[in-house]
Amino acid sequence: MHTHTRRALLLLATLALAGTAITATAQARTTTPTLQPALNGERRTLNLPGFGNVAYYADPRGPGRPLILTHAVNAAASAYEMKPLWDAYAGTRPVYALEWPGFGSSDRPDTPYTPDLMTAALNALIDTLGTDVDVIALSLGSEFAARAALREPRIHTLALISPTGLGRERNGTQTAASTDGGAQLYARLNAVGDPLFWALRTRPSIQYFLSRSFRGPVNTDLINYALQSSAQPGGKYAPLYFISGRLFTTNALEQLYRPLRTPTLVLFDQDAFVNFDRLPDFLDGPDRRAVRIPDTDGLPHFEKPLEVRRALDDFWAAH
């Protein structure tokens, strides 16, 4: 799941308003204090000053440079979105998977969620590891990873899967981000925050959005974990900042991607929520390459794991 389209937002807002009467019942039934592990690794936390605890998974086995995986941002995001890559590399090299503030097992306080906050979480994990790292980021997580790489020379390489910010705005969320930073849309959405979020986190809604990121059948385990993750207390806060566009960077190509001096790989094909019209402009810079993973829709590491791994291994071998 990536950026929601304007049509989907209007549909979900309508569902939310219509479903207000049943929200309290659903809320009482689904708030659970803990979340099952997303990955087969040790679940750790680091303290992010001014925010709280940020969760990450660790499997330090194996030689070589540590690999950090970062998931996308949506109403039900978690490190489970990176499970195929975790399973592929855990044990062959040190692997870590960060869960962005407000998602997964990280704290979910009612606080402003910003690109700088997300970037600080990734930088804090790199500080914890204290060494050079490779980073793989998914969707909007790519913008946070690129922002981190501009400040953190220990990011040795970046691999961006279906990144946002390399196309032209084509939906309400991205347009809101490029006008007033999403402030007005956030105010409107926050006014119906509870019913809107509970409409977003139903099984039909999650399955619908995931179906637009899969060319074939949607991964059932991913749906089930998304339902668990979105049911955590405080689960609405960060997604509302996402849906309103406040986690996007206006003109990310010029602000984040063009200034990169970190070797960068882009993996992409079709995507229902973002486009890659400006990818050729990004590839004009040094140490940049793109590999198309054909017949995929936003989550190629789930549908074409061997092709994704081959592209990654070739990229790392060159650096």
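In mature numbering (1 follows the signal peptide of the UniProt record, and there is no 0), the protein residues as written are -26 to -1, 1 to 293.
Ideal Cβ placement from N, Cα and C applies to all residues, glycine included.
- One alpha carbon belongs to TYR211, the other to SER218, and they sit about 11 Å apart.
- Rounded to the nearest whole angstrom, the C-alpha separation of GLY36 and ILE42 is 14 Å.
- Closest option to ASP255, judged by alpha-carbon separation, among ASP101, PHE276, LEU227: LEU227.
- Judged by DSSP secondary structure, TYR31 falls within the beta strand (DSSP E) whose first and last residues are 26 to 33.
- Contact between the region 236 to 247 and the region 270 to 286 is present: three or more C-beta pairs spanning the two stretches fall below 8 Å.
- Taking each of ARG189, ASN21, ALA53, ARG39 in turn and checking the Cα distance to GLN10, the smallest one comes out for ALA53.
- Annotation: ALA71 to TYR30 spans about 5 Å, alpha carbon to alpha carbon.
- A direct Cα-to-Cα measurement between ASP261 and ASP288 gives close to 13 Å.
- Membership of ASP288 in the alpha helix (DSSP H) is indicated by the continuous run 279 to 291.
- Checking the DSSP bridge columns, you'll see ARG17 partnered with TYR31.
- Membership of PRO268 in the beta strand (DSSP E) is indicated by the continuous run 262 to 271.
- Ranked by Cα distance from ASP61, the first of ALA94, ALA120, PHE276 is PHE276.
- Judged by DSSP secondary structure, LEU59 falls within the alpha helix (DSSP H) whose first and last residues are 57 to 63.
- For ALA51, same chain residues with a beta-carbon under 6 Å away, outside a window of 5 residues either side, are HIS45, PHE77 in chain order.
- Contact check between the region 199 to 208 and the region 98 to 114: fewer than three CB pairs, one atom from each, fall below 8 Å, which does not count as touching.
- When the alpha-carbon of ARG82 is set against those of ALA292, TYR182, GLY209, TRP290, the nearest one is in GLY209.
- According to the DSSP assignment, ASP90 belongs to the alpha helix (DSSP H) that extends over 89 to 103.
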